[in-house]
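Trainee: Residues in the sequence shown are numbered consecutively from 1, following full-length UniProt numbering.
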Amino acid sequence: MPQGQPNVVPDDGLTTRQRRNRPLVMVHTGIGKGKSTAAFGMALRAWNQGWPIGVFQFVKSAKWKVGEENALKVLGASDEGGSVTWNKMGEGWSWIQRAPAEGEPSHEDKAREGWEQVKRDLAAETYQLYVLDEFAYLLHWGWIDVDEVVEVLRNRPGHQHVVITGRYAPEALVEFADLVTDMSKVKHPMDAGQKGQRGIEW
1 MPQGQPNVVP DDGLTTRQRR NRPLVMVHTG IGKGKSTAAF GMALRAWNQG
51 WPIGVFQFVK SAKWKVGEEN ALKVLGASDE GGSVTWNKMG EGWSWIQRAP
101 AEGEPSHEDK AREGWEQVKR DLAAETYQLY VLDEFAYLLH WGWIDVDEVV
151 EVLRNRPGHQ HVVITGRYAP EALVEFADLV TDMSKVKHPM DAGQKGQRGI
201 EW
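In structure tokens form, the structure reads like this:
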């Protein structure tokens, strides 16, 4: 497998193997399509390596039947790769602006509880790959403090990779992350009035 060669070798006291295998924080942001899809592609690779995977969907409705969820759950239950745990932490995405029913916690409260669960799992080293899907929106909206997130991720124990998706990733997160991809949009069918379709959007 091609592994590539780094452009620089930092004077950090680490061996090549130690530096190669250090846990990463990755961010997929930008207005283009495919941020979550790319993160779920990483989850497939992690599953193949036998890693336990935790997916946290922060602002997609629990009622949505996401294709990647079905596929990864089947793989996780197959005993051929890693385990997969899928968590839906509330709704509130721009496509669904439904107010919570009376007595229900707000979308912001649900999102914060989701983050608290991520923190508990990081402290317990529950997973080897965390997919925090659409999490960047919560930082952009100010629901969760970006400085706290950076500090928690900086101090996470063990060997835990974290990938965060969503538009408008704050500069502090981008600066801290090890890998950042900004997905731009050149064209999209919605520009021509076409709604999302099965097998492409879900």
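Virtual Cβ for every residue (Gly too), placed ideally from N, Cα, C.
Compute the Euclidean distance between the alpha carbons of W86 and G142, then round it to the nearest angstrom.
Mentor: When rounded, the distance between both Cα atoms is 24 Å.
Trainee: When you compare the CB positions of E116 and G158, do they come within less than 8 Å of one another, or not?
Mentor: Not a contact, by the Cβ cut-off of 8 Å.
Trainee: What number of angstroms, rounded off, separates the C-alpha of G166 from the C-alpha of V25?
Mentor: Rounded to the nearest angstrom, the two C-alpha atoms are 14 Å apart.
Trainee: Find the nearest neighbour of V59 within the set R45, I53, D109, R20, judged by alpha-carbon distance.
Mentor: With distances taken between Cα atoms, V59 lies closest to D109.
Trainee: Below 8 Å between beta carbons: does that hold for A136 and T29?
Mentor: Yes; because the gap between Cβ atoms is below 8 Å, this pair is in contact.
Trainee: Would you check if the distance between the CB atom of G81 and the CB atom of N48 is smaller than 8 Å?
Mentor: Yes, these two residues count as a Cβ contact at 8 Å.
Trainee: Please confirm whether L122 and I164 have their CB atoms less than 8 Å apart.
Mentor: No, they are not a contact pair.
Trainee: Leaving out the 5 sequence neighbours to the left and right, which residues in its chain are closer than 6 Å to V149 when beta-carbon positions are compared?
Mentor: No residues qualify anywhere along the chain.
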